[in-house]
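The numbering of the sequence shown is our numbering, which starts it at 90 and goes up by one.
Some notes on the structure that comes next.
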Amino acid sequence: MDKEQLKINIQKLKKVATYLKQADKIDDKIAEIVQVMIKIIDQTIIYDNSLIFVMNAHLKKTSRVLELDINRVKDETFGIKQIHETLFLIKTIIAILLTKFNIFDFYIYSEIKASLFFYINLSLKEKFYDSRNVFFTINEPEYHLQNQIFKTLYSTFDKLTYINHYLVQRYDLKKINDDVNYRFINDFVKLSIPLFKNKAAELRFIDYIRKLYKSSAFHYIRKLRNNLEHSFTNPESQYNIAMEIELVFILAARTLFEIISDFKTDDKIYSLINKKVTK
């Protein structure tokens, strides 16, 4: 990706956001927009390392150093303002799709949807969740609130995994090993086999997980989560992870988009469970 393509994406995202704010009903255009967002997220964040390279360099300036080597796909340096505008617009569009149009309508994942809605509502009330220019010391509440919501959003991946574990175990949808410490990257697909539309959908999801795990974006948020949990925080420094919060929200939502595409509908999942219950 180059600077010109990033500018084009920003203009496209602005048009999509304007359309969604004005639209008052779900139509075929919404499904098209979801596909457009998948393409933009994949090309801008998952396939290309350039934005994450700059974000990581920016994070280091606040003494938050992650053990992560990122090689840019192209020798192109983006301004942090452009990067944040891109993340904020993607986050805004996802928020509208989830709340106004309720595109992720799975009863089994109600808790996950509630967590994402919680963040969306918080960011509407408190500007520091989206502001990258104000920094906080460890003695300020905003520092802890940013860290808390980042970890809550990151836990989406674990929560998805353990919801599926519970489902397949409780309703005997698939034989599983109870002694395994399940992880999203390694185990989510295996725990989801009864829920996929078909084999082609399963293969699409496998491909998505592979691309996500290869991305610098996923390892960036993973390393940051570990850093927040286990590393020393300099009391003399000031911190801000607003962009990283937006990034983890985007990656979590991108995974939900893949579930929408590849899983059975909510009604069909209910029917599958009901058959097991009534046997």
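The C-beta atom is built at its ideal place from N, Cα and C for all residues, glycine as well.
Distance from the Cα of L242 is smallest, within the candidate group I330, S281, K216 and K264, for I330.
A buried status is given to Q235, since no fewer than 16 other beta-carbon atoms sit within 10 Å of its beta-carbon. Scanning I183, T166 and H254 for the CA closest to the CA of I122 turns up I183.
Measuring C-alpha to C-alpha distances from L262 to each of F207, L280 and H147 identifies L280 as the nearest.
DSSP places Y328 within a strand segment (E or B) once states are collapsed to three. In this model, K128 and I179 are separated by some 12 Å (Cα to Cα). Pairing L284 with L361 gives a Cβ-Cβ distance under 9 Å. Taking the Cα positions, Q171 is about 46 Å away from D267.
Here H233 is exposed, its C-beta having fewer than 16 other C-beta atoms within 10 Å. Among the bridge pairs identified by DSSP, F352 is matched with F285. For L157, the CB contacts under 8 Å within the same chain, skipping 5 residues up- and downstream, are N145, S305, H308, Y309 and K312 in chain order. The C-alpha of P324 is placed about 46 Å away from the C-alpha of F352. If you compare the alpha carbons of V154, E229 and L140 with that of N315, the shortest gap goes to V154. With respect to the C-alpha of I119, the residue from V143, T354 and I192 having the closest C-alpha is I192. Assignment of F224 by DSSP, reduced to helix, strand and coil, places it in the coil class. Selection A203, L317 and E333 evaluated against L249 yields A203 as nearest (Cα-Cα). A residue is called buried when at least 16 other Cβ atoms come within 10 angstroms of its Cβ; R272 does not meet this threshold and is exposed. With fewer than 16 other CB atoms across the displayed protein chains lying within 10 angstroms of its CB, N160 is exposed. For Y255, the secondary structure class from DSSP, reduced to helix, strand or coil, is helix.
Taking C-beta separations shorter than 8 Å and ignoring five residues to either side along the sequence, the partners of F177 in its chain run D219 and E335, following chain order. Of the residues F224, V125 and T175, the one whose Cα lies closest to the Cα of S139 is T175.
Here D137 is buried: its Cβ has 16 or more other Cβ atoms, across all protein chains shown, within 10 Å. Inter-residue distance for L213 and I358 is about 33 Å (C-alpha atoms, whole angstroms). Each residue's CA atom was taken as its position, placing K286 and F346 some 14 Å apart.
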